[in-house]
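To start, the structure under review is shown below, and the notes come after it.
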């Protein structure tokens with residue numbers, strides 16, 4: 130649809146609506162780039178006219194205008210109206226993948242919004258999405274709403290691209306993550322829309338490996354990762370509360386020098402880049418004591434996902450024998 134959309138929308142800029150008056154200045158441009166409720170009104174005026182250049186508005190163009198209006202309504206929290214617009218758009222153009230994606234997201238947002246308005250979050254998690262189920266798991270494990278949001282955001286926006294990571298589990302972006310978490314925690318809609326509230330407890334970095342257990346969280350479904358992640362990640366200063374054993378991005382075992390650096394946390398420019406946030410390429414690693422090869426590339430190593438993140442105190446944790454991180458980058 131993108132190729133068709135660009136051609137058609139460019140041509141719309143030269144079109145005059147049918148009737149006795151021309152379109153209001155900027156109506157077409159506003160609808161093309163619909164984001165606010167004012168833009169929604171511009172799209173509505175185009176649909177209400179029903180004509181372009183004195184001719185009837187074609188189904189193809191009408192589908193595009195409905196798609197634009199539906200997306201804008203979804204952005205502004207008008208989920209029920211957005212679902213209605215996007216369904217109409219797909220009726221006119223059933224093969225539009227972008228409209229299908231937008232409809233799936235709007236339905237998810239509508240469901241989350243309804244859950245927020247209910248007295249309590251549903252206990253039955255069988256019909257929940259992966260992200261909803263993950264939020265429910267974290268709540269059960271004692272994570273606060275803000276802590277759960279920070280952890281889930283790190284799962285979704287980290288090592289893998291946002292699109293790849295999220296679409297793999299049936300969602301299309303993480304814009305509605307506050308709604309998902311708020312619904313599980315029975316928070317108000319006002320709180321769900323408060324970005325300052327959610328962003329006050331982030332800074333977990335990009336979580337691929339659990340720094341304490343070594344579990345490969347990046348290879349798990351969100352709900353399973355939520356069950357496996359160490360409880361020390363509740364703190365935004367997890368780099369102090371966790372026992373730092375593994376590199377969070379690459380999984381190699383930390384030496385004393387690495388531990389000293391990574392203790393400085395996610396906001397330290399050097400520690401943040403080398404220990405927690407996305408960097409280019411993999412870290413060089415040293416072979417483990419039992420390795421038969423002189424050097425191991427972590428990308429070629431087998432991922433060990435069956436690692437218990439929460440181990441009873443009386444039992445000794447079985448930690449994965451990932452290779453040790455080298456000190457080459459520490460000297461740069």
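In my numbering, the protein residues as written are 130 to 461.
Where a beta carbon is used, it is the ideal one built from N, C-alpha and C, also for glycine.
In this text the structure is predicted, and so the values were computed from the model without any measurement.
task = May I have the straight-line CA-CA distance separating residue 454 from residue 383, to the nearest angstrom?
result = Whole-angstrom Cα-Cα distance: 6 angstroms.
key: Validate contact between the segment 358-374 and the segment 316-336 using beta carbons, cut 8 angstroms, 3 pairs   = The segment 358-374 vs the segment 316-336: in contact.
task = Take the Cβ of residue 342 as the centre, count every other Cβ of all protein chains shown within 10 Å, and call the residue buried at 16 or more, exposed below.
result = Buried, because 16 or more other Cβ atoms sit within 10 Å of the Cβ of residue 342.
query = Can you tell me the Cα-Cα spacing of residue 379 and residue 265, whole angstroms?
reply = Rounded to the nearest whole angstrom, the CA to CA distance from residue 379 to residue 265 is 28 angstroms.
inquiry  = Taking its Cβ as the centre, do 16 or more other Cβ atoms sit within 10 Å of residue 385, making it buried, or is it exposed?
reply    = Burial call: exposed.
ask   = Under 7 angstroms between the Cβ atoms of residue 278 and residue 351?
value = No. Outside cutoff.
message = Does the segment 177-195 come into contact with the segment 208-228, if we say contact requires no fewer than three beta-carbon pairs (one atom in each stretch) closer than 8 angstroms?
response = As far as the Cβ criterion goes, the segment 177-195 touches the segment 208-228, which means the pair count is three or higher.
query = Name the DSSP beta bridge partners of residue 208, please?
reply = The partner list for residue 208 (beta bridge, DSSP) is empty, contrary to what the question assumes.
query = Hey, is residue 237 close to the ligand ADP, as in C-beta under 6 angstroms from one of its heavy atoms?
reply = This structure simply doesn't include the ligand ADP, nor any ligand for that matter.
key: Nearest-angstrom beta carbon gap, residue 275 and residue 327 [assumed within contact, 8 angstroms]   = Right, their Cβ atoms sit about 7 angstroms apart.
task = Give the straight-line distance between the Cα atoms of residue 322 and residue 202, rounded to the nearest whole angstrom.
result = One Cα belongs to residue 322, the other to residue 202, and the distance between them is close to 15 angstroms.
inquiry  = Using C-beta distances below 8 angstroms, list every residue in its chain close to residue 399, excluding the 5 sequence neighbours before and after it, in chain order.
reply    = Contacts found: 390 and 393.
query = Quick one: what's got a C-beta closer than 7 angstroms to residue 236's C-beta in the same chain, skipping five residues either side?
reply = For residue 236, where only same-chain residues beyond five positions count, the Cβ hits under 7 angstroms are 212.
ask   = Considering only residues of the same chain and omitting the five flanking positions on each side of residue 405, which have a CB-CB separation below 6 angstroms?
value = Annotation for residue 405: 334, 377 and 395 place their beta carbon closer than 6 angstroms to its own, counting only its chain and skipping 5 residues before and after.
message = Under DSSP, the alpha helix (DSSP H) around residue 81 begins and ends at which residues?
response = Since the first residue of the chain shown is 130 and the last is 461, residue 81 is not available in this structure.
request  = Assign residue 324 to buried or exposed, taking buried as 16 or more other Cβ atoms, counted over all protein chains shown, within 10 Å of its Cβ.
outcome  = Exposed: under 16 other Cβ atoms inside 10 Å.
Secondary structure of residue 180, DSSP reduced to three states = In this structure, residue 180 counts as strand in the three-state DSSP scheme.
inquiry  = For a quick check, are the C-beta atoms of residue 197 and residue 172 less than 7 angstroms apart?
reply    = Yes, the pair counts as a contact, with Cβ atoms nearer than the cut-off.
message = Which residue wins for smallest C-alpha separation from residue 354, given the options 337, 361 and 369?
response = Minimum Cα distance to residue 354 is reached at 337.
ask   = Hey, would you say residue 159 sits closer than 7 angstroms to residue 168, going by beta carbons?
value = Cβ atoms of residue 159 and residue 168: closer than 7 angstroms.
key: Opening and closing residue of the alpha helix (DSSP H) in which residue 326 lies   = That run of the alpha helix (DSSP H) goes 324-327.
Neighbourhood of residue 290 by C-beta, 7 angstroms cutoff - its chain only, sequence neighbours within 5 removed = Reliability fails at residue 290, whose pLDDT of 42 lies under 50, so the model's placement of it is uncertain and the value that follows must be treated cautiously. When the five nearest sequence neighbours on each side are left out, no beta carbon in the same chain lies closer than 7 angstroms to the beta carbon of residue 290.
task = Measure the CB-CB distance between residue 371 and residue 361 and report whether it falls below 7 angstroms.
result = Yes; because the gap between Cβ atoms is below 7 angstroms, this pair is in contact.
inquiry  = I need the boundaries of the alpha helix (DSSP H) containing residue 351, first residue and last residue.
reply    = From DSSP, the alpha helix (DSSP H) with residue 351 extends over 351-357.
inquiry  = Can you tell me where the alpha helix (DSSP H) holding residue 370 begins and where it ends?
reply    = 367-370 is the extent of the alpha helix (DSSP H) around residue 370.
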